[in-house]
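Numbering (the numbering used here), first residue to last: 17 to 389. These notes concern the structure reproduced below.
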DNA sequence: GAGTCTCTCAGTAGGCTAAG
DNA sequence: CTTAGCCTACTGAGAGACTC
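Right, dumping it as structure tokens:
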């Protein structure tokens, strides 16, 4: 943590600067990809009202704190901020050597924040930003929160939760960016490392905390480049099927047709079993919403063919379409009879059997009133 | 035409999960 | 330990269709 003590308006502060050429490759992702990320793509990922700046006008932010508890008792003792500067990417780390240096840290941080048009964080909406805002208020400073904020956690969940065991930054980093950390400090140990340092004033494990924070910042930037890049390109058959599903989920909100194009491409790539049925159901709901009932029914049929365990939903939807849209009571009757038989065989719950029996009774009555279709 | 049944859609509550 | 965002399931009002 070779840094320099710099003078701020509120006293001295240790600042560590590390600069990387934009050609720097983090995992398998070059930072230059940031340049190609269009603001519209960033807007797709965030949903606050602020206009998205270009990725070079964003500050990539991550804090190391004395705990998770939030509230007034938790300090952000190390704040890492990354940004594009010319042909380089700088990671600037602001560190309080003691708790009484917080005013200096906040002063330096405020200057930095005000120089950018937005922030990128990982779970920052739930953690870093509220915490920093509290520190600003307690330090009698105005929090510059009137800016674009992209929290990559919700975006990562939409994109990769189907493929990854969890969406912690370390997991995403490893499997999406191909970046493996060596000798990383687990986040849960970081508060203890800082308290040890405060007691003894020896660096101890602190350099590893700085490394951890710097890696977080680089991952944030690399991930932004990766995600925005995926959104910029047309749906790409070279992507894993699960990633296409995730891409579809991102697009769906903004552009349903484009989202569906991703879904359908994923299906052609041989998506595996539980995910495949989920996706078919998603498409079926979409078709229903647009009143394309025949298309919806075809999708429910395919789900039924794939499903191993009995599930009510597809049968129910097929029966609704037959009875209420196509008015083909005979077909509706056949669907519900078959569903009832399968439900009994599978030992389905009593409420499920009751619902099907009720439906079958009604259809039978209507069939009686309109015989020989 | 009144009364009943069914579906739909919008709003929302509860459960999960990231962050140090 | 806290907090926000997403997902799923549930609820209830309103619309439409059917029955008598």
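Note that the Cβ used here is the ideal one computed from N, Cα and C, for glycine as well.
| query | According to the Cβ coordinates, are residue 130 and residue 170 closer than 8 Å? | reply | No, the Cβ-Cβ distance between residue 130 and residue 170 is not below 8 Å.
| Could you give the distance in angstroms between the alpha-carbon of residue 95 and the alpha-carbon of residue 118? | Rounded to whole angstroms, residue 95 to residue 118 spans 11 Å at the Cα level.
| In angstroms, rounded to a whole number, what distance separates the CA positions of residue 367 and residue 379? | 18 Å
| If you run the structure through DSSP and keep just helix, strand and coil, what is residue 261? | helix
| query | Can you tell which of 297, 251, 356 has its C-alpha closest to the C-alpha of residue 326? | reply | The option with the nearest alpha carbon to residue 326 is 356.
| Short Cβ contact (8 Å threshold) for residue 69 with residue 164 | Yes, they are a contact pair.
| request: Kindly give me the distance between the Cβ atoms of residue 78 and residue 232, rounded to whole angstroms, as I take these residues to be in contact under 8 Å. | output: With a Cβ gap of about 4 Å, residue 78 and residue 232 count as contacting.
| What is the DSSP secondary structure of residue 32, reduced to helix, strand or coil? | Strand.
| Residues near residue 389 in its chain [Cβ-Cβ closer than 6 Å; skip 5 each side] | Only weak support is given to the placement of residue 389: the predicted model assigns it a pLDDT of 34, under 50, and the question is left unresolved by the model.
| query | Going by alpha carbons, who is nearest to residue 214 out of 93, 369, 337? | reply | 93
| query | For the region 234-244 against the region 45-53, are there 3 or more C-beta pairs whose distance is under 8 Å? | reply | yes
| said: Taking contact to mean 3 or more Cβ pairs, one atom from each stretch, closer than 8 Å, check whether the region 179-197 and the region 60-76 are in contact. | reply: no
| said: With a threshold of 8 Å, are at least 3 pairs of Cβ atoms found where one atom belongs to the region 95-114 and the other to the region 217-233? | reply: yes
| Considering residue 352, what are the terminal residues of the alpha helix (DSSP H) in which it resides? | 345-361
| query | Taking Cβ positions, are residue 282 and residue 260 nearer each other than 8 Å? | reply | In this structure, residue 260 lies closer than 8 Å to residue 282 by Cβ.
| said: Taking the straight line between their C-alpha atoms, what separation do you get for residue 277 and residue 251? | reply: Using only the alpha carbons, I get a separation of about 8 Å.
| residue 109 - partner residues in DSSP beta bridges | 32, 96
| Burial state of residue 307, where buried means 16 or more other Cβ atoms lie within 10 Å | Exposed is the label assigned to residue 307, since fewer than 16 other Cβ atoms lie within 10 Å of its Cβ.
| request: Quick one: grab the DSSP three-state call for residue 114. | output: coil
| query | For residue 287, which residues from the same chain have a beta carbon less than 8 Å from its beta carbon, with the 5 sequence-adjacent residues on both sides left out? | reply | 257, 258, 261, 295
| request: Measure from the alpha carbon of residue 18 to the alpha carbon of each residue in 27, 32, 197, then state which is nearest. | output: 32
| field | For residue 245, the three-state DSSP class (helix, strand or coil) | value | helix
| message | I need the boundaries of the beta strand (DSSP E) containing residue 20, first residue and last residue. | response | 20-24
| Based on Cα-Cα distance, which residue from 137, 140, 148 lies nearest to residue 124? | 148
| query | When the Cα of residue 176 is compared with those of 264, 47, 375, 339, which residue comes out closest? | reply | With distances taken between Cα atoms, residue 176 lies closest to 264.
| said: Let me confirm a value: residue 384 is counted as buried when at least 16 other C-beta atoms fall within 10 Å, else exposed. Which label applies? | reply: exposed
| task | Return helix, strand or coil for residue 69, following the three-state DSSP convention. | result | coil
| Per DSSP, the bridge partner or partners of residue 60 | Bridge partners of residue 60: none, in fact.
| query | Could you give the C-beta distance for residue 230 and residue 100, rounded to a whole number, given that I count them as a contact under 8 Å? | reply | Residue 230 to residue 100, Cβ: 16 Å. No contact.
| Relative to the C-alpha of residue 375, which residue among 157, 151, 324, 334 is closest? | 334
| In terms of DSSP beta bridges, what is residue 74 paired with? | 134
| field | Sub-8 Å separation of residue 82 and residue 207 beta-carbons | value | Yes.
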